[in-house]
Amino acid sequence: EEPPLDLTGKVYQLEVMLKQLHTDLQKERQDKVVLQSEVASLRQNNQRLQEESQAASEQLRKFAELFSREKEL
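Right under this line is the structure:
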């Protein structure tokens, strides 16, 4: 006995929805990988910038120290 036509149509609609959800999930997974890579890159850049900032601050401190010594002479 054949299933009623409306049941077959509903099954087809569910299959289409399932395929779309699967496609969406694949895209979300790919996007997640890209974002994780970007986050890792941003963390590295942040670390580098913090180190550069500390080095520049130290250089400025040394310069100010030398400058104040020169003024005293």
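Residue numbers for the sequence shown follow our numbering, so the first one is 1096 and each next one is one higher. Cβ atoms here follow ideal geometry from the backbone N, Cα and C, with glycine treated the same way. Only a predicted model underlies this, so the values are computations on that prediction, with no experimental measurement involved.
Check	Outcome
Straight-line Cα distance separating residue 1121 from residue 1138	26 Å
Pairwise C-alpha distance: residue 1135 and residue 1153	27 Å
Residue 1160 versus residue 1133 - alpha carbon distance	40 Å
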